Amino acid sequence: MHIHRLERVWLIFGISMLVIFLLVLGIGTFVMGMAPPHSGNHQSIDPTKVDEQAPFNNPGLKKIGDNHYEAVMTAFVFGYGPDSIEIPAGATVDFIVTSKDVVHGFQIPGTNVNMMIVPGEITEISHTFDKPGEYLILCNEYCGSYHEIMQARVIVT
Ligand SMILES: [Cu+2]
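Given below as C-alpha cells:
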C-alpha cells in the first residue's frame, strides 16, 4: 500500500501529539499525583438540612491554632453566612463552605481562592492573608436575579 509522503508526515505528527498528550496526562496523574483538590476526602451533606449538620450548625470563625483559623460558611441566595469575618494579618484561614440551595461561587479577587459551591458538597480551601485590608468574597456563578449583590467580606487588620 502506498501512502503519500505528506500524508505519512501528518499521520506521524498526529499520532505523536496524541502520545505526548497522554504521556503528560499520565505523568501528571500517576507520577506527580495531580488531582482535583480534596479528591481524597470528599465530603457530602444533605443540602436541605445544612443548618442542622456539623459543622454548619455552628458557622463562623474559629481559632484552631497559632494565627490559624477555620471559617465555616454557607452560601445561599443571595449571600453568605456569616457575611464578614475579621482576622489579623498573616492569618491562615481554612474556608469550609457549602450551599443551602443552588450552585454558587466563592471567589476572593487578588487571591487563589476561587471555588464552586455545589449543593450537597462541602468545599474547602486555605489561604494566608498577609496584607491588611478588606477582601471581597464574590459569587461568580450566576445564581438568580440578585446574584450581583451576593458578597461577603474578609477584614484583615
Ligand atoms: Cu450566588
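Numbering-wise, the working numbering puts 152 at position 152 of the sequence shown, and it's gapless, one number per residue. The beta carbon of each residue, even a glycine, is placed where N, CA and C say it ideally should be. What you are looking at is a predicted structure, and each value in this text was computed from that prediction instead of being measured.
- Of the candidates Glu-7, His-104, Asp-101, Phe-95, Phe-95 places its Cα closest to the Cα of Val-154.
- Near ligand 1, meaning a beta-carbon closer than 5 Å to one of its heavy atoms, we find His-104, Cys-139, Cys-143, Met-150.
- Segment contact: the segment 11-30 against the segment 45-54, fewer than three CB-CB distances shorter than 8 Å; contact not assigned.
- For Ser-84, the enclosing beta strand (DSSP E) starts and ends at 84-87.
- The Cβ atoms of Glu-70 and Thr-157 do not sit closer than 8 Å to each other.
- As DSSP reads the structure, Thr-29 sits in no beta bridge.
- The three-state reading of DSSP puts Met-150 in coil, since its state is none of H, G, I, E or B.
- DSSP places Phe-13 in the helix class (H, G or I) of the three-state scheme.
- Bounds of the beta strand (DSSP E) holding Asp-94 are 91-99.
- Taking C-beta atoms under 8 Å as the contact rule, Ile-117 and His-127 fail to qualify, at a distance of about 16 Å.
- Relative to Leu-138, the option among Gly-110, Ala-89, Gly-14, Trp-10 whose CA is nearest is Gly-110.
- Sequence-distant partners of Ser-99 (beyond 5 residues in either direction) whose C-beta falls short of 6 Å from its own C-beta, in its chain, are Ala-75, Ile-117, Pro-119.
- For Thr-74, the uninterrupted beta strand (DSSP E) run begins and ends at 68-76, by DSSP.
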